[in-house]
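Visitor: My questions will all concern the structure given below.
Protein chains: 2
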Amino acid sequence: MSYRLNFRPDEINRIFVVSKTNWMITNKDVKFIKSLQLKKYRNRENAFVVEGEKNLLELLKSNLEISQLYLTENFQAKHEYILKMSLSSFESTNEKELVKAGSYQTNQAGIAVVVIPKLPPVNLQHGLFLAFDNVQDPGNLGTIIRIADWYGFKEIICSKDSVDAYNPKTISATMGSFTRINVHYENIGSLISQAKIPVYGAVLDGASIHETPFKEHGIFLFGNESQGISDPLQASINYKIKIPGYGQAESLNVAIATAVVCDNVRRILR
Amino acid sequence: MSYRLNFRPDEINRIFVVSKTNWMITNKDVKFIKSLQLKKYRNRENAFVVEGEKNLLELLKSNLEISQLYLTENFQAKHEYILKMSLSSFESTNEKELVKAGSYQTNQAGIAVVVIPKLPPVNLQHGLFLAFDNVQDPGNLGTIIRIADWYGFKEIICSKDSVDAYNPKTISATMGSFTRINVHYENIGSLISQAKIPVYGAVLDGASIHETPFKEHGIFLFGNESQGISDPLQASINYKIKIPGYGQAESLNVAIATAVVCDNVRRILR
Numbered sequence: 004m005s006y007r008l009n010f011r012p013d014e015i016n017r018i019f020v021v022s023k024t025n026w027m028i029t030n031k032d033v034k035f036i037k038s039l040q041l042k043k044y045r046n047r048e049n050a051f052v053v054e055g056e057k058n059l060l061e062l063l064k065s066n067l068e069i070s071q072l073y074l075t076e077n078f079q080a081k082h083e084y085i086l087k088m089s090l091s092s093f094e095s096t097n098e099k100e101l102v103k104a105g106s107y108q109t110n111q112a113g114i115a116v117v118v119i120p121k122l123p124p125v126n127l128q129h130g131l132f133l134a135f136d137n138v139q140d141p142g143n144l145g146t147i148i149r150i151a152d153w154y155g156f157k158e159i160i161c162s163k164d165s166v167d168a169y170n171p172k173t174i175s176a177t178m179g180s181f182t183r184i185n186v187h188y189e190n191i192g193s194l195i196s197q198a199k200i201p202v203y204g205a206v207l208d209g210a211s212i213h214e215t216p217f218k219e220h221g222i223f224l225f226g227n228e229s230q231g232i233s234d235p236l237q238a239s240i241n242y243k244i245k246i247p248g249y250g251q252a253e254s255l256n257v258a259i260a261t262a263v264v265c266d267n268v269r270r271i272l273r
Numbered sequence: 004m005s006y007r008l009n010f011r012p013d014e015i016n017r018i019f020v021v022s023k024t025n026w027m028i029t030n031k032d033v034k035f036i037k038s039l040q041l042k043k044y045r046n047r048e049n050a051f052v053v054e055g056e057k058n059l060l061e062l063l064k065s066n067l068e069i070s071q072l073y074l075t076e077n078f079q080a081k082h083e084y085i086l087k088m089s090l091s092s093f094e095s096t097n098e099k100e101l102v103k104a105g106s107y108q109t110n111q112a113g114i115a116v117v118v119i120p121k122l123p124p125v126n127l128q129h130g131l132f133l134a135f136d137n138v139q140d141p142g143n144l145g146t147i148i149r150i151a152d153w154y155g156f157k158e159i160i161c162s163k164d165s166v167d168a169y170n171p172k173t174i175s176a177t178m179g180s181f182t183r184i185n186v187h188y189e190n191i192g193s194l195i196s197q198a199k200i201p202v203y204g205a206v207l208d209g210a211s212i213h214e215t216p217f218k219e220h221g222i223f224l225f226g227n228e229s230q231g232i233s234d235p236l237q238a239s240i241n242y243k244i245k246i247p248g249y250g251q252a253e254s255l256n257v258a259i260a261t262a263v264v265c266d267n268v269r270r271i272l273r
């Protein structure tokens, strides 16, 4: 990719001084960033990694706290305005360094280490919520976060045995929506038992979502990729719903099912 | 995984003779099967590879022509009835061999080499069709094939620069639906220009699918993961449609968009 450097004089100082003083990610930082691919180290350090152009742009526009930021000169030139607005300090790097430190096979943008935010406790008294019992695939969860952001569902509740929302593959699949959606890890059963709003469970023997009169508030519960909703949680469901099929496939992927249910809910609850 | 062999006497002969005479996939066949991960060799050999339990079960129930079939004793014991019904001859193997020959990191089921079927020409005079302009991700295409099978869309048309439907990652993501859905590679522009049915194009500035009065027949056109529908094809669209958003995500993944559009179409055209 080629680009033209075209800074105004007052911007030159900031970008070039940094890029001269620190051209590469130190070995210590490479090791640190790599360690954050594992949940154990993310929890210990209270930090996660963001990679790729779209995710970094959304990060820079968000209020999340960045503790380390490495950007290619390409990214700096292309997005100088957003960088200036975000007031983040950063260091220059190149693609080779980024691939060494990160989880992507190619990365022409950059890497950030971000502080895991403290979420306010989830309040199930009113509103729309997505809940997932033991979702396992990190790409599925990332896609679900992006879907929640499209359909305006701000809060996702995952069972404690679900995949981590700060997994690099999850963050990658969110396409920046990780900056806007809260993912809570909770004992879904006990949380739901205190809720005052209906629980809709996506199952294979429910009523068609095309004919469900969704109420003003609700929790929409989805199960594991192969086992569905676990038996103890089945009892918490107030309304069993299903996506009607017209062909011969036995099931839909959990992210696909989430999108279709959200679309049917939003048809009624705008 | 443990299992108990519990065959009736008339079945013992078939399964055990085969498993004794040929315990492993020959090096020549490993090389051949591996080569089919590349489109170039799939085209030359007119064959593709099927892996994993669900995909193999659907394959055995289908009319597709199997040229090589390797199954673990676990799979044979678990699915003896389906194997008997399908009349396929097979050889026994183990997980180590399967991982060596195939594309999966774990495989407790088996591998098949399957003849690429000749598809009847696609006829756009009536019916429901999904069309994709330059879809690139093999997992997306596989998920789309599974969605088509759920919603009863039998025919998918891909532009010639789209990812191959027989890519191992595509087959894997179909969860067996590759046995029921026809994927045609065509010059979409010239094909559509001869169609007598409306073309609905998924774009960001279309009319809401929640309010679109879908007609009896139609072609539903989706674009590339990042670029959308290419300019020359934009001119073929009769009705621009969009999935209404209620949050801040900029777009939806193409497989997600396909599912939501199919669901909205099937609400009206059952």
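For the protein sequence lines, the chains are A and B, in the order given.
So the number in our numbering is just where the residue sits in the first sequence, counting from 1, plus 3.
So the number in our numbering is just where the residue sits in the second sequence, counting from 1, plus 3.
In this text, a Cβ means the ideal position worked out from N, Cα and C, and glycines have one as well.
Bear in mind that the values here come from a model prediction, so they are computed numbers and not experimental data.
Taking just the CA atoms, how far does G192/B sit from S239/B?
Guide: Counting from one through the second sequence, the residue named residue 239/B turns up at place 236. Counting from one through the second sequence, the residue named residue 192/B turns up at place 189. Roughly 7 Å separates the two Cα atoms.
Visitor: Can you tell me whether H129/B is buried or exposed? The criterion is at least 16 other CB atoms within 10 Å of its CB, across all chains shown.
Guide: Here residue 129/B refers to the residue found at position 126 of the second sequence. H129/B is exposed by the Cβ-count criterion.
Visitor: With distance defined between alpha-carbon atoms, name the residue in I85/B, V52/B, E98/B and F132/B nearest to E76/B.
Guide: For the purposes of this step, residue 76/B is taken as residue 73 along the second sequence, with counting starting at 1. The shortest C-alpha separation from E76/B is found at E98/B.
Visitor: Given that Y154/B touches chain A, what residues does it touch there, using C-beta distances under 8 Å?
Guide: What you label residue 154/B is simply residue 151 of the second sequence in a count that begins at 1. Going along chain A in sequence order, the residues near Y154/B (Cβ under 8 Å) are G248, Y249 and G250.
Visitor: In this structure, how does DSSP classify P216/A when only helix, strand and coil are distinguished?
Guide: Position 213 of the first sequence, counted from the start, is the residue given in the question as residue 216/A. Coil.
Visitor: Using a threshold of 8 Å, state whether the C-beta atoms of I119/A and N49/A are closer than that.
Guide: For the purposes of this step, residue 119/A is taken as the residue at position 116 of the first sequence. For the purposes of this step, residue 49/A is taken as the residue at position 46 of the first sequence. Contact flag set, yes.
Visitor: Which of helix, strand or coil does DSSP assign to S175/B?
Guide: For this step, residue 175/B is matched to residue 172 along the second sequence. DSSP places S175/B in helix when its eight states are reduced to three.
Visitor: Which full runs of the beta strand (DSSP E) of 3+ residues lie inside the segment 12-96 of chain B, going along the chain?
Guide: Counting whole runs of 3 or more residues, the segment 12-96 of chain B contains the beta strand (DSSP E) stretches 50-54, 69-75 and 94-96.
Visitor: Of all the CB atoms in chain B, is at least one closer than 8 Å to the CB of D266/A?
Guide: Your numbering for residue 266/A matches position 263 in the first sequence. Interface residue, yes.
Visitor: Between T24/A and the rest of its own chain, which residues show a CB-CB distance below 8 Å, the 5 nearest in sequence each way excluded?
Guide: Against the first sequence, residue 24/A aligns to sequence position 21. Since pLDDT at T24/A reaches only 42, below the 50 mark, its modelled position is unreliable, and the value read off the structure follows with that caveat. Closer than 8 Å at the Cβ level, and outside the excluded window around T24/A, lies no residue.
Visitor: Under 8 Å Cβ to Cβ from A210/B, same chain only, skipping five residues before and after it: list those, please.
Guide: Numbered from 1 along the second sequence, position 207 holds the residue referred to as residue 210/B. Correct list, in chain order: Y242, K243, I244 and K245.
Visitor: For E68/A, which residues in the same chain have their Cβ closer than 6 Å to its Cβ, ignoring the five residues on either side in sequence?
Guide: In the first sequence, the residue the question calls residue 68/A occupies position 65. V118.
Visitor: Can you name, in chain order, every residue of its own chain whose Cβ lies under 8 Å from the Cβ of I232/A, other than the five neighbours on each side?
Guide: Walking along the first sequence from the start, residue 232/A turns up at place 229. Correct list, in chain order: D136, G204, A205, V206, L224, F225, G226 and I240.
Visitor: Measuring alpha carbon to alpha carbon, tell me which residue in D234/B, P123/B, S165/B and L72/B is nearest E100/B.
Guide: The sequence position of residue 100/B within the second sequence is 97, counting from 1. Here the closest residue by C-alpha is L72/B.
Visitor: Counting pairs of beta carbons, one from the segment 84-99 of chain A and one from the segment 138-154 of chain A, are three or more of them closer than 8 Å?
Guide: Not touching, per the Cβ criterion.
Visitor: Residues in the same chain with beta-carbon distance under 8 Å from A198/A, minus the five sequence neighbours each way, listed in chain order, please.
Guide: Numbered from its first residue, the first sequence carries residue 198/A at position 195. Contacts found: L127, Q128 and I222.
Visitor: Closest to V257/B by C-alpha separation, out of P235/B, F132/B and S229/B, would be which residue?
Guide: Numbered from 1 along the second sequence, position 254 holds the residue referred to as residue 257/B. Comparing Cα positions, the closest option is S229/B.
Visitor: Please report the Cβ distance between Y154/A and G250/B, rounded to the nearest whole angstrom; I am assuming they are in contact, meaning their Cβ atoms lie under 8 Å.
Guide: Stepping through the first sequence from its first residue, residue 154/A is reached at position 151. Stepping through the second sequence from its first residue, residue 250/B is reached at position 247. About 6 Å separates the two Cβ atoms, so the contact holds.
Visitor: When the cut-off is 8 Å and only beta carbons count, does I160/A lie next to chain B?
Guide: Working through the first sequence from its first residue, we reach residue 160/A at position 157. For I160/A, the answer is no, since every Cβ of chain B falls outside 8 Å of its Cβ.
Visitor: Taking 8 Å as the threshold (beta carbon to beta carbon), is H213/A in contact with chain B?
Guide: Numbered from 1 along the first sequence, position 210 holds the residue referred to as residue 213/A. With 8 Å as the cut-off, H213/A counts as an interface residue toward chain B.
Visitor: In whole angstroms, what is the alpha-carbon distance linking Y44/B and V268/A?
Guide: Working through the second sequence from its first residue, we reach residue 44/B at position 41. Working through the first sequence from its first residue, we reach residue 268/A at position 265. Cα to Cα, the separation comes out at about 46 Å.
Visitor: Under DSSP, the beta strand (DSSP E) around I222/B begins and ends at which residues?
Guide: Working through the second sequence from its first residue, we reach residue 222/B at position 219. First-last of the beta strand (DSSP E) with I222/B: G221 to F225.
Visitor: Would you say T24/A lies against chain B (beta-carbon separation less than 8 Å)?
Guide: In the first sequence, counting from the first residue as 1, residue 24/A sits at position 21. Residue placement at T24/A is poorly supported in this model, since its pLDDT is 42, which falls under 50; the coordinates still yield a value, given next. Output row for T24/A: interface = no.
Visitor: By the DSSP assignment, the beta strand (DSSP E) with V118/A in it spans what residues?
Guide: Mapped onto the first sequence, residue 118/A falls at position 115. First-last of the beta strand (DSSP E) with V118/A: G113 to V118.
Visitor: Between I174/A and chain B, is there a C-beta pair that is closer than 8 Å?
Guide: Counting from one through the first sequence, the residue named residue 174/A turns up at place 171. It does not; no Cβ of chain B falls within 8 Å.
Visitor: May I ask you to report which of helix, strand or coil DSSP gives D167/A?
Guide: Along the first sequence, read from residue 1 onward, the residue named residue 167/A stands at position 164. Residue state, collapsed to three classes: coil.
Visitor: Can you list the residues of chain A that L255/B reaches, using a CB-CB cut of under 8 Å?
Guide: The sequence position of residue 255/B within the second sequence is 252, counting from 1. Chain A residues near L255/B: R149, I150, W153 and A262.
Visitor: Out of S165/B, I36/B and V125/B, which has the shortest C-alpha to C-alpha gap to V116/B?
Guide: Taking the first residue of the second sequence as 1, we reach residue 116/B at position 113. V116/B has its Cα closest to that of I36/B, out of S165/B, I36/B and V125/B.
Visitor: Is K37/A near the ligand HEM, in the sense that its beta carbon is under 7 Å from a heavy atom of that ligand?
Guide: You won't find the ligand HEM in this model; it holds no ligand whatsoever.
Visitor: Pop quiz: H187/A and L122/A are said to be a contact at Cβ under 8 Å. What is the actual Cβ separation, rounded to whole angstroms?
Guide: The residue you call residue 187/A lines up with position 184 of the first sequence. The residue you call residue 122/A lines up with position 119 of the first sequence. Between L122/A and H187/A the Cβ distance is about 6 Å, and since that is below 8 Å, they are a contact.
Visitor: Spatial neighbours of K218/A within its chain, please: CB distance less than 7 Å, with the 5 preceding and 5 following residues excluded, ordered by chain position.
Guide: Within the first sequence, numbered from 1, the residue matching residue 218/A stands at position 215. Excluding sequence neighbours, K218/A sits near P201.
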